[in-house]
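*Asks:* So the protein lines, in turn, are chains A and B.
Here full-length UniProt numbering is used: the first residue of the first sequence is 1, the next is one more, and so on.
Here full-length UniProt numbering is used: the first residue of the second sequence is 1, the next is one more, and so on.
Number of protein chains: 2
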Amino acid sequence: MKDNTTDQTLCPVARAETEVGDRWTVLVLRELFARSHRFEEIQAQTGATPQMVTARLKKLEEDGLVERRVYNKHPLRHEYHLTEKGEAFFPVLLALRAWGEAWCKSRKEGRAVNYTHLTCGKAAGLGPVCESCGEPIHRNELAAERAPKYQRERDARWEAFKASR
Amino acid sequence: MKDNTTDQTLCPVARAETEVGDRWTVLVLRELFARSHRFEEIQAQTGATPQMVTARLKKLEEDGLVERRVYNKHPLRHEYHLTEKGEAFFPVLLALRAWGEAWCKSRKEGRAVNYTHLTCGKAAGLGPVCESCGEPIHRNELAAERAPKYQRERDARWEAFKASR
DNA sequence: GCTTGTCACTATGAATTTCATAGTAATATG
DNA sequence: CATATTACTATGAAATTCATAGTGACAAGC
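(1) Just mark residue 117/A as buried or exposed, buried being the case when its beta carbon has 16 or more other beta carbons within 10 Å.
(2) Could you confirm whether any beta carbon from chain B is found closer than 8 Å to the beta carbon of residue 22/A?
(3) Return the Cβ separation of residue 95/A and residue 128/A in integer angstroms, given the expectation that the two are a contact with Cβ distance under 8 Å.
(4) Give a yes or no on whether 8 Å exceeds the smallest Cβ distance from residue 194/A to chain B.
(5) Can you find a CB in chain B that lies within less than 8 Å of the CB of residue 9/A?
(6) Contact defined as beta carbons within less than 8 Å: I believe residue 20/A pairs with residue 13/A. What is the distance between those atoms, to the nearest angstrom?
(7) Which value, in whole angstroms, describes the spacing of the CA atoms of residue 18/B and residue 139/B?
(8) May I have the straight-line CA-CA distance separating residue 80/A from residue 89/A, to the nearest angstrom?
(9) At 4 residues or longer, what runs of the alpha helix (DSSP H) sit wholly inside the segment 56 to 102 of chain A?
(10) Counting only Cβ pairs nearer than 7 Å, list the residues of chain A close to residue 89/B.
(11) Pull up the DSSP beta-bridge partners for residue 114/A, would you.
(12) Under 8 Å by Cβ, that's how I've got residue 100/B and residue 15/A pegged, so tell me the actual separation to the nearest angstrom.
(13) Just mark residue 148/B as buried or exposed, buried being the case when its beta carbon has 16 or more other beta carbons within 10 Å.
(14) Along the chain, where does the alpha helix (DSSP H) that runs through residue 202/B open and close?
(15) Closest to residue 97/B by C-alpha separation, out of 30/B, 77/B, 10/B, 11/B, would be which residue?
(16) Ordered along the chain, which non-local residues of its own chain (more than five positions away) have a Cβ less than 7 Å from that of residue 50/A?
(17) Answer with buried or exposed for residue 66/B, where buried requires no fewer than 16 other C-beta atoms within 10 angstroms of its C-beta.
(18) Considering only the alpha carbon of each residue, which of 122/A, 38/A, 161/A lies closest to residue 68/A?
(19) Would residue 155/B be called buried (16 or more neighbouring beta carbons within 10 Å of its own) or exposed?
(20) Any beta carbon of chain A sitting closer than 8 Å to that of residue 105/B?
(21) Thinking C-beta only, is residue 160/A closer than 8 Å to residue 115/A?
(22) So which residues of chain B does residue 95/A contact, with C-beta pairs closer than 7 Å?
(23) Can you tell which of 158/A, 164/A, 109/A, 162/A has the C-alpha that lies nearest to the C-alpha of residue 45/A?
(24) Hey, does residue 115/A have any beta-carbon neighbour from chain B nearer than 8 Å?
(25) Give me, in chain order, the residues of the same chain whose beta-carbon lies closer than 7 Å to that of residue 151/A; leave out the 5 immediate sequence neighbours on both sides.
(26) Does the Cβ of residue 122/B lie closer than 7 Å to at least one heavy atom of the ligand ZN?
(27) Could you pull the DSSP bridge partners for residue 124/B from this structure?
This is the structure in structure tokens:
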């Protein structure tokens, strides 16, 4: 995609959007952060078609956010993992999550995931700083726990996906 | 767009992406945060076609991020402004900017915009907390200054846009 | 040794979206 | 009365997306 407005600009937002400015791409990244490393898990949980997943993973790899790791030869099978650049995207996803929780859901729907801030042992809240201790949140100092309802939703998606094959 | 994976999920990221999961949408929001409130400014600076701008603004209005304000009757003319929900999106853009500056540009290209943290009077850095005083950054406590190179880029885009009509 | 299952995709074609180019409508300005 | 300003709309070709189906390589069970 040649693109004079985003490739040749100094604007970091435009630059970023050429790499992650797509719904499926962000959903794939969400899954990688959620430790879904296999193609089928990503496909099932994002709801994308296999072509979409293939295309996004390929582009993410080209852009340096994702790397493939062989976990099986014969047949050749890969797992997808975040690189340093991919891991660095976490604050964006955290901010997007905070906005989504605050502005895209009714109050009675609960949180999908609750984070515990491991450095202080208490609830981290929505960030960017821990609501319990005030320190900036880093992904490696976080323990995630899915709300039962959200966990069930994911389990159901996986079952539905497997059943449809 | 009926969408069983993003409309019916508890995941705030998926919810958010149905509203802002698109390159043009994010670029339009960037312009609104940059205080471009007129249709043509947005069109010129994003590089989108008028249909794209129309469609995104309409959707953003429907989703409650943007409101139209009449600034002229006869002919009827509107300006586009962020609502509270739209303003609340700022941390996402800030995080995206930080990631873009850090990972989508070569070191020798400078920053596009530098922020001064008004509460401490010093450089705010890339956030989410002020690099000078450590406090969380809020948009209304920030003064933005465009790098001369970036300002020239924007001026040139505006000139090119006007010349092409 | 043959069927069934697993995993990661690819193939196909219709439907939708995007893009470039051009044009319109209402009014102000010189 | 001609030109400029502003905010769009129209059109059709090109590209992308989607749903549905299928493939290839192997493992595991019987």
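A virtual CB, placed ideally from N, CA and C, is assigned to each residue, including glycine.
Since this is a predicted model, take the numbers as computed values, not measurements.
*Replies:* On the basis of the coordinates in this document:
(1) With 16 or more Cβ atoms within 10 Å of its Cβ, residue 117/A is classed as buried.
(2) yes
(3) 7 Å
(4) Shown here, chain A extends from 1 to 165; a query on residue 194/A therefore has no answer.
(5) So, interface residue.
(6) 11 Å between Cβ atoms; not a contact.
(7) Our two residues, residue 18/B and residue 139/B, have alpha carbons roughly 24 Å apart in a direct line.
(8) 16 Å
(9) 84 to 87
(10) 99
(11) Paired residues: 145/A.
(12) 5 Å
(13) By the 10 Å Cβ count, residue 148/B comes out exposed.
(14) An answer regarding residue 202/B cannot be provided, because it is not within the stretch 1 to 165 covered by chain B.
(15) 30/B is the residue among 30/B, 77/B, 10/B, 11/B whose C-alpha sits nearest the C-alpha of residue 97/B.
(16) 43
(17) buried
(18) 38/A
(19) exposed
(20) yes
(21) no
(22) 91, 92, 95
(23) 158/A
(24) no
(25) none
(26) The model depicted lacks the ligand ZN and carries no ligand whatsoever.
(27) According to DSSP, residue 124/B bridges with nothing at all.
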